[in-house]
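>
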Amino acid sequence: MASTHTPAHPAGPAAGTQLLDHPGPNGSEARDSAARGSDHAGAAGPAGHGDPFAPEAESSRHRLPRQTRGASPLLGVTAVAATLGATGFAAATPAAAPAVEAPDETPVALAADPGLALAARIQQQADSQRTAAEESARLQAAQEAEAKAAAKEAEAKRAAEEAERAKAAALTLPVKDYNLSAHYGQSARYWAHLHTGLDFAADTGTAVYAVGQGTITSAGWSGAYGYRIVETLPDGTEIWYCHLSSIIKGSGEVTSGQQIGKVGATGNVTGPHLHLEVRPGGGAPVDPEPWLQQHGLNP
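Residues in the sequence shown are numbered consecutively from 42, following the working numbering.
1. Using the beta-carbon count (16 or more within 10 Å), is P331 buried or exposed?
2. Reducing DSSP to helix, strand and coil, say where Q165 ends up.
3. In chain order, what residues of the same chain lie with their CB nearer than 6 Å to the CB of D328, ignoring the 5 residues before and after it?
4. Between which two residues does the beta strand (DSSP E) harbouring L235 extend?
5. Are S297 and Q254 closer than 8 Å when you measure CB to CB?
6. Where are the beta strand (DSSP E) runs, 3 residues long or more, that stay fully inside the stretch 195-231, in chain order?
7. Using DSSP's beta-bridge definition, name the partner residues of V252.
8. Would you mind reading off the limits of the alpha helix (DSSP H) that contains Q300?
9. Distance check for L285 and L317, CA to CA, integer angstroms please.
10. What does a CB cutoff of less than 6 Å around G246 pick up in its chain, not counting 5 residues either side in sequence?
11. Leaving out five residues on either side along the sequence, give the residues of the same chain with a beta carbon under 7 Å from the beta carbon of T273.
12. Could you check how far apart the C-beta atoms of V216 and A197 are, in whole angstroms? I think they sit under 8 Å.
13. Any beta carbon of chain B sitting closer than 8 Å to that of E203?
14. Beta carbon of G308, beta carbon of G261: below 8 Å?
15. Which of the three DSSP states is assigned to L315 in this structure?
16. What does DSSP give as the partner residue(s) for R269 in the beta ladder?
17. Tell me the rounded alpha-carbon separation between G277 and V295.
18. Excluding five sequence neighbours on each side, which residues of the same chain lie with their C-beta closer than 7 Å to the C-beta of A127?
19. Report back the beta-carbon spacing between H313 and L239 to the nearest angstrom; my notes put them in contact at under 8 Å.
20. Where does S177 sit, in a helix, a strand or coil, going by DSSP?
21. Can you say whether I163 is buried or exposed, counting buried as having 16 or more other CB atoms within 10 angstroms of its CB?
22. For a quick check, are the C-beta atoms of V249 and Q300 less than 8 Å apart?
23. Indicate the three-state DSSP secondary structure (helix, strand or coil) for A160 in the structure shown.
24. Between L333 and L221, is the Cβ-Cβ spacing less than 8 Å?
25. Between the C-alpha atoms of G322 and Y219, what's the straight-line distance to the nearest angstrom?
26. Between the Cα of G324 and those of V310, E175, W281 and R206, spot the shortest distance and give me the residue it belongs to.
27. For the beta strand (DSSP E) that contains L285, what are its first and last residues?
28. Does the separation of the CB atoms of G305 and Y268 fall below 8 Å?
29. Just reading off the beta strand (DSSP E) that V310 is part of, what are its end residues?
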């Protein structure tokens, strides 16, 4: 059976390959004895001149030389760490997650503090109530303004209607420059009956005005009355304008004081004048003087 021990090199243990020591029959005690023997051998003789064939030398041939602890292993580890840090460690280290910036710190603070959240809800409710109150006040003010405008418009309309009624009720004398030449109920030889009207003597061509607002219902020749205009007032009273020299307004609506004809001497007359008759409801004539006085006129 071949031996597992390598023969000793002529140059000694330092020049050859050092083998790991094998446990002898006595295990670790043999290694310790060999180590002690090697130390004694070195001390007994001159350095480097010990007996190579001594048992101690044989034992030390199977041991690895002791390595002096120094900076070399540490430098090696440092270099490896630097290399891995530049390559492997950098690749193995996970990238830092990007920082997430909160868009608004207020919601976080409100969510974290129930008191602040409650205060915010109360403030929001107060703002909503204030907004609703302001809107209600605005609507109420608008409604009040609209009601005032409507009332003002109604008042203006009512005033206009009253003015129209007053204008319609207002009467004016039919001739401005005149003399009363005959009164109602007089008798004369040239009248077949009692006088049925009031005569306003004036020059031929003098303007004749409508007594009040009304409608001309008849205009033209009427026998003994000559040229005649019949105006019907809103209450149905008829006003007859007789003995005209000409007719200016022969039909339609007229207003108080509007010119409708001219003084003349047509029909059964002795001189130019306006014969005015008042017939309530289109019936028999009444005395024009008291009727005019009742409407604020004093002929």
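Built from N, CA and C at the ideal position, the CB exists for glycine as well.
Let me lay it out:
1. The residue in question, P331, is exposed, as its Cβ has fewer than 16 Cβ neighbours within 10 Å.
2. Of the three classes helix, strand and coil, the one that applies to Q165 here is helix, per DSSP.
3. Spatial neighbours of D328 in its own chain (CB-CB distance under 6 Å, excluding positions within 5 residues in sequence) are listed in chain order as Y225.
4. Counting along the chain, L235 falls outside any beta strand (DSSP E), and DSSP gives it neither H nor E.
5. Yes, the pair counts as a contact, with Cβ atoms nearer than the cut-off.
6. The stretch 195-231 contains these whole beta strand (DSSP E) runs: 220-223.
7. Paired residue(s): none; V252 is not in a bridge.
8. Q300 -> not in any alpha helix (DSSP H); beta strand (DSSP E) instead, spanning Q300 to V304.
9. If you take the alpha carbons of L317 and L285, they lie about 11 Å apart.
10. Closer than 6 Å at Cβ, skipping near neighbours: K303.
11. Once the five neighbours on either side are set aside, the close Cβ partners of T273 are G255, T256, T258 and E279.
12. The pair is not a contact, with the Cβ atoms about 36 Å apart (cut-off 8 Å).
13. Among the chains in the structure shown there is no chain B, since it carries only a single protein chain.
14. Result no, Cβ atoms of G308 and G261 do not sit closer than 8 Å.
15. If DSSP states are grouped into helix, strand and coil, L315 belongs with the strands.
16. Looking at the DSSP output, R269 sits in a beta bridge with G261.
17. Our two residues, G277 and V295, have alpha carbons roughly 15 Å apart in a direct line.
18. With a pLDDT of 46 at A127, under the threshold of 50, the predicted position of this residue should be treated as unreliable, and no value is reported.
19. Per the sequence presented here, residue 313 reads as Pro, with His not at that position. With 8 Å as the limit, P313 and L239 do not qualify as a contact, their Cβ atoms being about 15 Å apart.
20. DSSP places S177 in helix when its eight states are reduced to three.
21. Exposed.
22. For V249 and Q300, yes; Cβs fall inside 8 Å.
23. Three-state result, A160: helix.
24. It is not a contact, given that the beta carbons lie outside the stated cut-off.
25. If I take the Cα positions, the gap works out to 28 Å.
26. When V310, E175, W281 and R206 are compared, the shortest CA-CA separation from G324 is found for W281.
27. E279 to I288 is the span of the beta strand (DSSP E), which, as asked, contains L285.
28. Cβ distance < 8 Å, so G305 and Y268 count as in contact.
29. No beta strand (DSSP E) contains V310, which DSSP labels as neither H nor E.
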